[in-house]
Structure formats: structure tokens, C-alpha cells
Amino acid sequence: MATLLETRDLKKHYQMGGSVVRALDGVSLSVAQGEFVALLGTSGSGKSTLLNLIAGLDRPTEGSLRIFDRDLAQMSSEELSLHRRRNVGIIFQSFNLVPTMTARENITLAMMFAGVPRTERDAAARSLLDAVGLGGRQDHRPRELSGGEQQRVAIARALSNKPHLLLADEPTGNLDSHTSRDILGTLKNLSEREGKTIIIVTHDASLADTYANRTITLLDGVIIDERTPSRV
Amino acid sequence: MTFRDTLGLALRNLGEAKLRTSLTTLGVSIGIASLAGMVSLGVGLQDQFVARFTKSGLFDSITVTPGQDIPGGLATLARGGRRGFGANRRAPRTAPSPDATPLRSDLNDETVKELAALEGVREVYPNVRAPVEAKYGSDSEGLLAAGVPMTAHDEGAFQSITFGRFFSDDGAKECLLSLDMAKRIDPANPQNLIGKDLILIHAAPGSRGAALPPGDAGLSANASRVEEPYRIVGIIERETGPFGGSATVSGLMIPLGRAKAIASATRALQQALVPERASERTYNALIVKVKHAQAVQDIEDQIKKKGFSAFSLNDALQGAKRGFIILDIVLSLIGSIALAVSSLGIMNTMVMSILERTREIGIMKAIGGSDGDIRRIFLIEASAIGFFGGVTGVVLGWVVGRIINFGANVYIQNQGGTPGNLFSLPFWLIGGAIGFSVTISLLAGSYPAARAARLDPIRALRHD
Numbered sequence: 001m002a003t004l005l006e007t008r009d010l011k012k013h014y015q016m017g018g019s020v021v022r023a024l025d026g027v028s029l030s031v032a033q034g035e036f037v038a039l040l041g042t043s044g045s046g047k048s049t050l051l052n053l054i055a056g057l058d059r060p061t062e063g064s065l066r067i068f069d070r071d072l073a074q075m076s077s078e079e080l081s082l083h084r085r086r087n088v089g090i091i092f093q094s095f096n097l098v099p100t101m102t103a104r105e106n107i108t109l110a111m112m113f114a115g116v117p118r119t120e121r122d123a124a125a126r127s128l129l130d131a132v133g134l135g136g137r138q139d140h141r142p143r144e145l146s147g148g149e150q151q152r153v154a155i156a157r158a159l160s161n162k163p164h165l166l167l168a169d170e171p172t173g174n175l176d177s178h179t180s181r182d183i184l185g186t187l188k189n190l191s192e193r194e195g196k197t198i199i200i201v202t203h204d205a206s207l208a209d210t211y212a213n214r215t216i217t218l219l220d221g222v223i224i225d226e227r228t229p230s231r232v
Numbered sequence: 233m234t235f236r237d238t239l240g241l242a243l244r245n246l247g248e249a250k251l252r253t254s255l256t257t258l259g260v261s262i263g264i265a266s267l268a269g270m271v272s273l274g275v276g277l278q279d280q281f282v283a284r285f286t287k288s289g290l291f292d293s294i295t296v297t298p299g300q301d302i303p304g305g306l307a308t309l310a311r312g313g314r315r316g317f318g319a320n321r322r323a324p325r326t327a328p329s330p331d332a333t334p335l336r337s338d339l340n341d342e343t344v345k346e347l348a349a350l351e352g353v354r355e356v357y358p359n360v361r362a363p364v365e366a367k368y369g370s371d372s373e374g375l376l377a378a379g380v381p382m383t384a385h386d387e388g389a390f391q392s393i394t395f396g397r398f399f400s401d402d403g404a405k406e407c408l409l410s411l412d413m414a415k416r417i418d419p420a421n422p423q424n425l426i427g428k429d430l431i432l433i434h435a436a437p438g439s440r441g442a443a444l445p446p447g448d449a450g451l452s453a454n455a456s457r458v459e460e461p462y463r464i465v466g467i468i469e470r471e472t473g474p475f476g477g478s479a480t481v482s483g484l485m486i487p488l489g490r491a492k493a494i495a496s497a498t499r500a501l502q503q504a505l506v507p508e509r510a511s512e513r514t515y516n517a518l519i520v521k522v523k524h525a526q527a528v529q530d531i532e533d534q535i536k537k538k539g540f541s542a543f544s545l546n547d548a549l550q551g552a553k554r555g556f557i558i559l560d561i562v563l564s565l566i567g568s569i570a571l572a573v574s575s576l577g578i579m580n581t582m583v584m585s586i587l588e589r590t591r592e593i594g595i596m597k598a599i600g601g602s603d604g605d606i607r608r609i610f611l612i613e614a615s616a617i618g619f620f621g622g623v624t625g626v627v628l629g630w631v632v633g634r635i636i637n638f639g640a641n642v643y644i645q646n647q648g649g650t651p652g653n654l655f656s657l658p659f660w661l662i663g664g665a666i667g668f669s670v671t672i673s674l675l676a677g678s679y680p681a682a683r684a685a686r687l688d689p690i691r692a693l694r695h696d
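Chains as they are written, first to last, in this note's numbering: chain S, 1 to 232; chain L, 233 to 696.
Structure follows, in C-alpha cells:
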């Protein structure tokens, strides 16, 4: 399969006080289209930093990060926002829904930035909420939804601009095990049925083994293990 | 992101913090009310001034005199020249340059029609002073009777006739007296003169009246003496100025039609007696009244191009207007203090809003909102506060202005003055105040908006 993402000697260093924190210290990897990749590692291993760089939310200190053959390290702020708008959909551990907006409005907001006309985005939001099983909860605000429901709204929002790449940072971190499986099942479906490339960050190796095609383990900013689960 | 979507989102955000938005908008509206109130006071005072002086006939009149370059004459005066003894030596008569407009001195009824046809001219009438002898009882006095057009009844001194009324007709044998003159005739009770007759005596050619007594200086048997009774119909307290609606400097005023007839008879007699001094000029000066005071300068220039001398008090009005502009600026600055304070309120509200919505800004950036989108949302929020504050401020300013106006007019009336509109809120001021409010709000919101746009999305997403 064609390579969607490739990093070479990717580094992200932070200045913290008087010392330099090497969050990523030379990561090279490639992800093919339609792959479901899990980034594993302990807290502070650099997996979320890597995900943020791929999302275009942050810039690398050194190295290259190519997505669709374009180097994110060279992109302007405006180009990065276009990348986030068109290429990626991001799902967060804490859902990150706008609390003052309903489920439907949270989804249409992303399409609003993409310039989708109102009627079109309303219809798309309804359809996406139906797809994640929340057709009857469109006008509910996040506080009126359970954690699992909020995460499904976040998945629907991540899908709203039809990205090729879905990035999920600990998407099940705040959910019970049953709901976690439910959410990861939804992501797996998207990968298998719609050919979406999915990269999730998790510290739960068993869940990663169950759903991912490939797991990459980081420690102190470097890849220490990369394997394909035995079931695959 | 379309403007409509940005606007919708901005208004929605403002609606989510109703109390804070309302209080900030109230702050802006007080600032705008103060500014609009101050400027409308300046405009109102200027309008009052201009209206009164325009009505006085001082500023919408142009005096047209023959285009001769007479040293020390009116034309010289109009150019800032000096008159009086020695003026001839200082400003010798000079021949006009070859390319100059030919000078004209034909101030007659044809010229009246010609000037009346100019665009923006309301009325043209001659400035006629008829030489008469006024006789009341056994006393008599030689005078120049000023011809007053019927249209002057609501201008200048004629607006408030102290005793009696204005002329009934242009041909009526009626006269008005200045209070000074009336007092010369009847010092004790000048108002008793109303309804009495003043005999006006003037000379005319031929045998229209009684023959002049033999030996009257310089007049032959062709001249006659005309005696006519003129009913005194009114007394005015003050005399109008030399360039005013009536152009009278005389204590005696008669209808223009009568004055023209007397002047015409006198001139005919003069021409009969001294034919070699016959002139194409019928009148010494014409008064041109314009429709709008602003057009005075333009029409004055057109008249000068025709070869006449012309002057007006337009410059004085322009000077006064400049004074009002300065007054407006001073009042605006005073009014702006409140607006400056409220603009700090906007900035504070927007900064607070960013702090509260930091995570939301991070979310918007994460799902594809660009720095520009975020900046626009905040700028539109600020300008919406400015717009609503501007609209309510103008309404508030108008209401407060009306209340002050009402109170001031009650006081003015109690003091015997004429009430008027001290506050004027023209459309340009309404539009300007709202526009200014939006602009100030945009400026106040630009720093918070830039700050919001610059937020690092990762840090913003971690914000609690």
C-alpha cells in the first residue's frame, strides 16, 4: 500500500527551565494508507508529542515529517491549519467538545471552518451522528451526554471533513472497558470499511494488540519496539 | 469560513455570556451617548446660529454694485482696501488688464432679471433709497426712504416689529419707522404714531404735482412737487444693517414698489434737467438673495465674472463655522473620554473572554480553524459590541439630549428668550457615532483578537 506518512530522524526538544527535554529524539517510521497503528509507551515516552506533530498542532525541532508527500516542518501556520482541516481528524482523550454547543453544532463547527454550506453541513452532521448511534441526541450539549457518547460525537466530528488520517490520543482513557472496546471497534470499522488510516496513542497494550495492525512502542523519545500483533 | 458563519459564531459567543456582553455594551453605549450628546450639542448650537443669522438676511445676501474699480468704494472695500481721506492717493485708479472681464455698471431691471436667472438665486431686488422730505405736523426732515421688498417681512428686523405690522402691499402708501425716528417725532409715545399719516414730498418731472416754488435751487419750471400721505403701519426697534434684507440705513422704510417709483421720478427729473449725465444705471446697488447660504460664495464669484462688483458676509459666516468646528472638536474630545474608558472595558471583556475560552480556541484550531478565523471571530465579537453599544448610545444620547433640551427651553422661555433645538442629531452624526463606536471597538478588540489567534493550540487544549 502507498505510504501516507513518513518521518525521518524526527526530533522535538523543549526548553524547560535550564534543561532541554528531548520529547522525541530521532524517530523514523512510515505508515501506509489504511493502516491502523497504535503508539504505545509510558507517560512521557513521546507518543503524544509524535501524534501532535503528525496532526500539525506542533512543529518538529529537527527531521522531516511528510504526509501526502508534503513536509509539515516546512509549512506555514496557515498551511498547517489547512492540513488539520483537510487531512486529519483528531480525537482526544478528554473529548474536547465545545461545551456551549450541541452535538450537532460541534460537528458542524469543523465543517464551518472548511467553508461547507450550512444546509450541507447540517445534513452531514445528522448523518454522522446517526452513523455513530447518536441520531436522537443531536441537540444535546456535551454535559448531557455520557463519556462514551461524547467520544462518539468527537469521532463524528473528526470524520466530518472526510479526512484520510484519523489521529486519536488516548481515545479510551476516560472510558470504561466496555465503552473502550465499543469506541475502538468503531475506529477499526472505519479503517477496514472506509480505508481510513488510523493512528492511536494508548498505554493499553492489550487493546492495541486487539485492534491495531501494528504497534510502535516509544521510550524516552525513541522507538524501542515495532511489531505486528500475532492475530494479524 | 464565510463572513456569515463568522458573524453567527461571534453573536452566539456573545449570547453565551449575556451579562458580561450587556454590561460591556452598556459601557460603550454610555461612551457613545456622551460623545454623540456633546457633538449634537455643538451641531445644535451651530444650526441655531446659522439658522438665526441666515434668517437675519446677513449671510444669504450679496450686494452687487457697478463693476467700476472705484478707489475707496465698495468694490475696494470688498477687496480689503481702505477708504477715506487719502484713499485716492494710496490706490490710484488703474485701468483693467486687457484679459479682465469687461466691467459693467448697468444695474437696471434687465440686470435684476439676469441675476435672478442664476442657479441658486432666490430673489434679486434693487437697493433703492428714495430722497424725500418727510413732514409730520409742522415738522419736516430730508431723508432717504429705503425701499423694502415684501419678501423681507420674515427677515432680519422685520421678524419682530415692535409696534404695528409690516406693509400690506408693495404699492401701498405705507411706511415703517425705526424706533429712533419715531421717538424723534413723538418722544413720549412713539407707538401712538401707528395709523397716523406721514407726508412724503419728492420732486418729479412735469406737472404730476404742485409746481415747485419759484427760486427753488437749480430746478426749472419742468419740475413739480409731489406730496403724498403715507400711513405709518409699524415701528421697528432696530435698524437693519447695510447689507441686510432691507438694505436700509434709513429710519424711514416704504414698500420697494413705492421707493422705485419715487426714485424713478427723481431720476427722470435729473435726466431731464441734466441730459448729459443720463446713465444706463437705474440703481446704485442690487441685493441678491440666495436660496442656501452655502451657495453665496459660488454665486458671488459668478456675479463678479459678469463684470460687477459683489460682496457678502459669507466669509464671516465661514469664520464662525470654523469656530464651531473647533467647538465640535473640543466637545468631541470631552465626549471621547467616556468612550476611551469604555474601549478599555471592551478590551478587558475580550481578554477575559480569551482566558475563559482558551480551551475552546484550542479546539477550534485543532479542528481546522486558522489564526485568521480565530482573529476574525474575536474582531467581529468586538465590533458587534461596538455596533450595539453605538446604536443604544445614540438612542440614549438622543433621549438625554431631549430631556436637557426640554429643561433648557423651559428656562429660556422663563427668561423671555426664544426656545430652540439645542441638540441636533443629523443622520451623519447617527451614522458617524455608530461607525466610530464600531471602529473604536475594533481597535480595542484587535489586541485580544491577535492574542487569541497566536495561541498555541497544544497549550490551549491543555488549559483548564
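Glycine included, C-beta positions come from ideal geometry on N, C-alpha and C.
(request) Assign D130 of chain S to one of two classes, buried (16 or more other C-beta atoms within 10 Å of its C-beta) or exposed (fewer than that). (result) Here residue 130 of chain S refers to the residue found at position 130 when the first sequence is read from its first residue. By the 10 Å Cβ count, D130 of chain S comes out exposed.
(request) Pull out every residue of the region 139-170 of chain S whose Cβ sits closer than 9 Å to any Cβ of chain L, in chain order. (result) Those residues of the region 139-170 of chain S that come within reach of chain L (Cβ to Cβ, closer than 9 Å) are R157, A158, S160 and N161.
(message) Using a Cβ-Cβ distance cut-off of 8 Å, determine whether K553 of chain L contacts chain S.
(response) Here residue 553 of chain L is taken as the residue at index 321 of the second sequence, counted from 1. By this cut-off, K553 of chain L is not an interface position.
(message) I'd like the ranges of any beta strand (DSSP E) spanning at least 3 consecutive residues and lying wholly in the region 49-94 of chain S.
(response) Fully contained in the region 49-94 of chain S are the following beta strand (DSSP E) runs of length 3 or more, in chain order: 62-67 and 88-91.
(request) Answer yes if the region 345-365 of chain L comes into contact with the region 521-533 of chain L, meaning at least three C-beta pairs across the two stretches below 8 Å, and no otherwise. (result) Counting Cβ pairs under 8 Å, three or more are found: they touch.
(message) Using DSSP's beta-bridge definition, name the partner residues of D371 of chain L.
(response) Here the question's residue 371 of chain L lines up with position 139 in the second sequence. Answer is L:Y368.
(request) Measure the Cβ-Cβ separation of I223 of chain S and L29 of chain S and say whether it is below 8 Å. (result) Sequence index remark: in the first sequence, residue 223 of chain S carries index 223 (1-based). Sequence index remark: in the first sequence, residue 29 of chain S carries index 29 (1-based). With contacts defined by Cβ atoms closer than 8 Å, I223 of chain S and L29 of chain S form a contacting pair.
(request) Please state if the CB of P298 of chain L and the CB of F540 of chain L are separated by a distance shorter than 8 Å. (result) On the second sequence, residue 540 of chain L is found 308 positions in, with the first residue counted as 1. On the second sequence, residue 298 of chain L is found 66 positions in, with the first residue counted as 1. With respect to the 8 Å criterion, F540 of chain L and P298 of chain L are classified as neighbours on the basis of their beta carbons.
(request) Would you mind telling me which residues of chain L sit closer than 9 Å to G115 of chain S, beta carbon to beta carbon, in chain order? (result) Against the first sequence, residue 115 of chain S aligns to sequence position 115. Residues of chain L passing the Cβ test: M233, T234 and D237.
(request) Output the distance between the C-alpha atoms of S293 of chain L and W630 of chain L, rounded to the nearest integer angstrom. (result) Position 61 of the second sequence holds residue 293 of chain L. Position 398 of the second sequence holds residue 630 of chain L. Between S293 of chain L and W630 of chain L, the C-alpha separation is close to 34 Å.
(message) According to DSSP, Y462 of chain L sits in a beta bridge with which residue or residues?
(response) Locating residue 462 of chain L in the second sequence gives position 230, where the first residue counts as 1. DSSP output for Y462 of chain L lists L:L430 as bridge partner(s).
(message) Quick check on I264 of chain L - is its C-beta less than 8 Å from some C-beta in chain C?
(response) The structure shown has no chain C; the protein chains it does contain are S and L.
(message) If distances are taken between C-alpha atoms only, which option among L:G374, L:G600, L:Q534 and L:D696 comes closest to A55 of chain S?
(response) Reading the first sequence from its first residue, position 55 is the one you call residue 55 of chain S. Cα-wise, what sits closest to A55 of chain S is L:G600.
(message) Give me the subset of the region 573-602 of chain L whose CB atoms are less than 8 Å from a CB atom of chain S, sorted by chain position.
(response) Listed in sequence order: R591, E592, G594, I595, M596, K597, A598, I599, G600, G601 and S602.
(message) On the DSSP bridge list, what partners appear for G41 of chain S?
(response) What you label residue 41 of chain S is simply residue 41 of the first sequence in a count that begins at 1. Beta-bridge pairing links G41 of chain S to S:L218.
(message) Quick check on V27 of chain S: does DSSP put it in helix, strand or coil?
(response) What you label residue 27 of chain S is simply residue 27 of the first sequence in a count that begins at 1. Three-state result, V27 of chain S: strand.
(request) Please report how far the alpha carbon of H695 of chain L lies from the alpha carbon of G18 of chain S, in whole angstroms. (result) Here residue 695 of chain L corresponds to residue number 463 of the second sequence, with the count starting at 1. Here residue 18 of chain S corresponds to residue number 18 of the first sequence, with the count starting at 1. Answer to the nearest angstrom: the Cα atoms are 24 Å apart.
(request) Output the distance between the C-alpha atoms of L128 of chain S and L241 of chain L, rounded to the nearest integer angstrom. (result) One-based indexing of the first sequence puts residue 128 of chain S at position 128. One-based indexing of the second sequence puts residue 241 of chain L at position 9. Approximately 22 Å between the Cα atoms of the pair.
(message) Considering only their Cβ atoms, is the gap separating G577 of chain L from I264 of chain L smaller than 8 Å?
(response) Looking up residue 264 of chain L in the second sequence gives position 32. Looking up residue 577 of chain L in the second sequence gives position 345. No.
(request) Give me the Cα-Cα distance between F619 of chain L and L675 of chain L, rounded to the nearest whole angstrom. (result) By 1-based counting over the second sequence, the position of residue 619 of chain L is 387. By 1-based counting over the second sequence, the position of residue 675 of chain L is 443. F619 of chain L and L675 of chain L have their alpha carbons spaced roughly 13 Å apart.
(request) Sort out for me which residues DSSP pairs L408 of chain L with in a bridge. (result) Residue mapping note: residue 408 of chain L aligns to position 176 of the second sequence, counting from 1. Beta-bridge pairing links L408 of chain L to L:G466 and L:M485.
(message) Tell me which residues share the same chain as A114 of chain S and place their Cβ nearer than 6 Å to its Cβ, disregarding the 5 neighbours each side in the sequence.
(response) Within the first sequence, the letter at position 114 stands for residue 114 of chain S. Here the set comprises R85 and N161.
(message) Residues of chain L with CB closer than 8 Å to the CB of V201 of chain S, please, in chain order.
(response) Taking the first sequence and counting its residues from 1, one reaches residue 201 of chain S at position 201. In chain order: nothing, as chain L lies at least about 14 Å away.
(message) Let me confirm a value: D25 of chain S is counted as buried when at least 16 other C-beta atoms fall within 10 Å, else exposed. Which label applies?
(response) Residue 25 of chain S sits at position 25 when you count from the first residue of the first sequence. Around the C-beta of D25 of chain S, 16 or more other C-beta atoms lie within 10 Å, and the residue is accordingly described as buried.
(request) Give the range of the alpha helix (DSSP H) segment to which D9 of chain S is assigned. (result) Counting from one through the first sequence, the residue named residue 9 of chain S turns up at place 9. Premise fails: D9 of chain S lies in the beta strand (DSSP E), T3 to M16, not in any alpha helix (DSSP H).
(request) Could you work out which residues of chain L lie near N96 of chain S, taking near to mean beta carbons separated by less than 8 Å? (result) Position 96 of the first sequence, counting from 1, holds the residue named residue 96 of chain S. Those within 8 Å of N96 of chain S in chain L are R591, G594, I595, A598 and L693.
(request) Put K523 of chain L into one of helix, strand or coil per three-state DSSP. (result) Position 291 of the second sequence, counting from 1, holds the residue named residue 523 of chain L. Coil, per DSSP.
(message) Under 8 Å, with one C-beta from each stretch per pair, do the region 570-584 of chain L and the region 638-657 of chain L reach the 3-pair mark?
(response) No contact exists between the region 570-584 of chain L and the region 638-657 of chain L.
(message) By the DSSP assignment, the alpha helix (DSSP H) with Y515 of chain L in it spans what residues?
(response) Counted from its first residue, the second sequence places residue 515 of chain L at position 283. Neither: Y515 of chain L is in no alpha helix (DSSP H) and is coded neither H nor E.
(request) Please report the Cβ distance between K367 of chain L and I431 of chain L, rounded to the nearest whole angstrom; I am assuming they are in contact, meaning their Cβ atoms lie under 8 Å. (result) On the second sequence, position 135 is the one that residue 367 of chain L refers to. On the second sequence, position 199 is the one that residue 431 of chain L refers to. Yes, K367 of chain L and I431 of chain L are in contact; Cβ-Cβ is about 4 Å, under 8 Å.
(request) Apply the 10 Å Cβ neighbour rule to Q647 of chain L and answer buried if 16 or more other Cβ atoms are within range, or exposed otherwise. (result) In the second sequence, the residue the question calls residue 647 of chain L occupies position 415. Exposed is the call here.
(message) I'd like to check one pair, Q278 of chain L with F638 of chain L: are the Cβ atoms closer than 8 Å?
(response) On the second sequence, residue 638 of chain L is found 406 positions in, with the first residue counted as 1. On the second sequence, residue 278 of chain L is found 46 positions in, with the first residue counted as 1. Going by C-beta atoms, F638 of chain L is not nearer than 8 Å to Q278 of chain L.
(message) Rounding to the nearest angstrom, what Cα-Cα distance links I90 of chain S and G247 of chain L in this structure?
(response) Within the first sequence, the letter at position 90 stands for residue 90 of chain S. Within the second sequence, the letter at position 15 stands for residue 247 of chain L. A direct Cα-to-Cα measurement between I90 of chain S and G247 of chain L gives close to 28 Å.
(message) Quick check on N637 of chain L: does DSSP put it in helix, strand or coil?
(response) One-based indexing of the second sequence puts residue 637 of chain L at position 405. Here DSSP, grouped into helix, strand and coil, assigns N637 of chain L to helix.
(request) Select from L:E406, L:A692, L:G396 and L:M596 the residue whose C-alpha is nearest the C-alpha of M112 of chain S. (result) Taking the first sequence and counting its residues from 1, the one referred to as residue 112 of chain S is at position 112. Of L:E406, L:A692, L:G396 and L:M596, the residue nearest in Cα terms is L:M596.
(message) Considering Cα atoms alone, identify which of S:A73, S:Q138 and S:L51 is closest to Q93 of chain S.
(response) Locating residue 93 of chain S in the first sequence gives position 93, where the first residue counts as 1. By alpha-carbon distance to Q93 of chain S, the top candidate from S:A73, S:Q138 and S:L51 is S:L51.
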